[in-house]
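In what follows, a structure is listed as structure tokens, so that the remarks can point back to it.
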Amino acid sequence: MDPPDNPSGDATRRRRLRIAQPRSLQARQLLAASLGLVAFLALAGYALDRSFLSTAQSGMRERLHSYALAYANSDFARDGSLVPPFDPPDPRFKRPGSGLYAQIVLPSGRWESDSAQGPRLPAGSMLDARQQAFEGPLPIIQINGQPGEVYRYGYGLIWSGSERQSSEFPYTVYILEDTTALGRQVAAFRSALWLNLGGAGLVLLLLQMVVLRWSLRPLHAVIGDLKRVQLGAASGMSEAHPRELEPLTRSINAFIDSERENLDRQRNTLADLAHSLKTPLAVLRTRLDSDADESELREEVDTQLRRMNDLVTYQLSRAARSGHQLFAAPIEIEPTAEQIVTGLEKVYATKRVLCEFEIAPQVRFHGEIGDLQELLGNLLENGFKWASARVLLTVAEGVDAPGRRPGLSITVEDDGPGIAEDRIAHVLQRGVRGDERVQGHGIGLAIVQDIVRSYRGELQVSRSQELGGARFEVTLPPGV
1 MDPPDNPSGD
11 ATRRRRLRIA
21 QPRSLQARQL
31 LAASLGLVAF
41 LALAGYALDR
51 SFLSTAQSGM
61 RERLHSYALA
71 YANSDFARDG
81 SLVPPFDPPD
91 PRFKRPGSGL
101 YAQIVLPSGR
111 WESDSAQGPR
121 LPAGSMLDAR
131 QQAFEGPLPI
141 IQINGQPGEV
151 YRYGYGLIWS
161 GSERQSSEFP
171 YTVYILEDTT
181 ALGRQVAAFR
191 SALWLNLGGA
201 GLVLLLLQMV
211 VLRWSLRPLH
221 AVIGDLKRVQ
231 LGAASGMSEA
241 HPRELEPLTR
251 SINAFIDSER
261 ENLDRQRNTL
271 ADLAHSLKTP
281 LAVLRTRLDS
291 DADESELREE
301 VDTQLRRMND
311 LVTYQLSRAA
321 RSGHQLFAAP
331 IEIEPTAEQI
341 VTGLEKVYAT
351 KRVLCEFEIA
361 PQVRFHGEIG
371 DLQELLGNLL
381 ENGFKWASAR
391 VLLTVAEGVD
401 APGRRPGLSI
411 TVEDDGPGIA
421 EDRIAHVLQR
431 GVRGDERVQG
441 HGIGLAIVQD
451 IVRSYRGELQ
461 VSRSQELGGA
471 RFEVTLPPGV
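My numbering puts the first residue of the sequence shown at 1, with every later residue one more than the last.
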């Protein structure tokens, strides 16, 4: 039984797939850079805030210390009571609940400034001589009964008396200031700080987006090149890319060239195979149409089938490899030529073409038998096709080099119409026939060129001086 449909489950899976999709490179970099920028600005703002608060507190401590020194110059009466300075260092010390308070702790009690009338200040303890203490914020009850906070600075002293009073006793001066002023300063600083940092962060984010788009422009150019290649508007990737992207574009171009070469090789292999099988099939058709007896026909079919099997095997192996065997066993040329000419004489029996051999007895072909069959087969078939009555095959040793086996020269001439010099390059192209009225595929000479090129040889086409028709000469270098 099929499981019931679950639309909600499908929707969940689709959402998961969408979530699992990676962000674009630009979005990833922008997100990472933005998070880094926000974190940096937050840390910088926190550090600046702490530094300003520490500086403000340090300034307050110095200011309270100067007030404490002013009250440290107070005098004491004969009974030990405090005689404060007539003019306090700040007028706020005389105004009740002003937020600035003075407190002097004595062995027998304590003294407070006029400003301390009303608020309930925390009681300070006696400090040692020259001991300083800065505390805060400490809780207080303000003059209006509302809670508040103050910073407190304490300075321990010892009064050594005078000429009339020889006794000594310790006392401590405390200066207290509420946090209102400092809080306003910190709040104003924080407002300006975060406003400026926010503006700077916004400008940096915009600048970052511009820089990111500019830095990713080469990647967009690569994507554009790929799209043009896909649409067929370009044959490969452009070379005008930054140095960091050159390995990528070179690899893509190499891949494109490799794919095209593979496709061309496959097409050429199929065309070459069809062309190679054409002659054995033509021989079979000719023998079937003749009056040959059954035994002779059977022998011919067996011969041509073996040849076709060899051709198929050769073409498939040729498609799967590149180049040729460098150390192949030497092959006699005349037996292969005899076999090919025998088949061609049956195909072109009506023309009664005479094929002559001038093959040096010592020459050998150092390569693969399939390559030799393709070379001789296509050159001789071209000669039989265009000849009026004669074809000449000449095989001789080529250029000799010390310590290396000699080269090889294979020449096929005919007494046909020949090829004009201005049409030689055109005729050698794959798929081009010398005369559209003559049956053929136009790839025989292209196959010859491919094989000769793989042996680092040359194919020259000219007019035969002896027979008057076309002359095809294949020259293979020494050591091949």
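Backbone N, C-alpha and C fix where the C-beta goes; we use that ideal spot for every residue, glycine too. Quick caveat: nothing in here was measured; it's all calculated off a predicted structure.
- C-alpha of G469 to C-alpha of L245: approximately 56 Å in a straight line.
- Spanning the alpha carbons of E296 and T303 requires a straight line of approximately 11 Å.
- DSSP places D371 in the uninterrupted alpha helix (DSSP H) bounded by I369 to W386.
- Assignment of beta-bridge partners to D400 by DSSP yields no partner.
- If you ignore the 5 residues before and after G398, its C-beta comes within less than 8 Å of the C-beta of P406, G407, L408, S409, T475, L476, P477 and P478, all in its own chain and listed in chain order.
- Beta-bridge partners assigned by DSSP to D291: none are found.
- If you look at Q132, you'll find it in the beta strand (DSSP E) that goes Q132 to I141.
- Here DSSP, grouped into helix, strand and coil, assigns Q304 to helix.
- Bridge partners of S66 according to DSSP: none are assigned.
- In this structure, E356 lies near R390, with their beta-carbon atoms less than 8 Å apart.
- By the C-beta criterion, the segment 96-115 is judged not to be in contact with the segment 206-223, since fewer than 3 inter-stretch pairs fall below 8 Å.
- Taking the Cβ atoms as the reference, L37 lies roughly 18 Å from L216, outside the contact range of under 8 Å.
- Look at L31 here: in three-state DSSP terms it is helix.
- Distance from the Cα of W194 is smallest, within the candidate group F384, I451, F40 and S24, for F40.
- Burial state of I158 is exposed, judged by a 10 Å Cβ sphere holding fewer than 16 other Cβ atoms.
- By the neighbour-count criterion, in which 16 or more other beta carbons inside 10 Å mark a residue as buried, D87 falls on the exposed side.
- Separation of the CB atoms of L467 and D415 is rounded to 4 Å, and the pair is thereby assigned contact status at 8 Å.
- Secondary structure note for F189: its alpha helix (DSSP H) is the uninterrupted segment T180 to S215.
- DSSP, read as helix, strand or coil, puts D128 in coil.
- Of all C-beta pairs linking the segment 61-78 to the segment 135-142, fewer than three are shorter than 8 Å, placing the two stretches out of contact.
- Less than 8 Å separates the beta-carbon of D75 from that of V83.
- When rounded, the separation of the alpha-carbon atoms in S113 and D49 is 34 Å.
- Counting the other Cβ atoms within 10 Å of the Cβ of S108 gives fewer than 16, which makes it exposed.
- Nearest C-alpha to M308 among E294, H366, V283 and D293: V283.
- Around the beta carbon of N73, fewer than 16 other beta carbons sit within 10 angstroms, so the residue counts as exposed.
- Judged by their CB atoms, A56 and L182 are nearer to each other than the 8 Å cut-off.
- Annotation for A420: no alpha helix (DSSP H) segment contains it, and DSSP assigns it neither H nor E.
- Within the same chain, Cβ atoms closer than 6 Å to the Cβ of P122 are found at L138, the five residues on either side in sequence being excluded.
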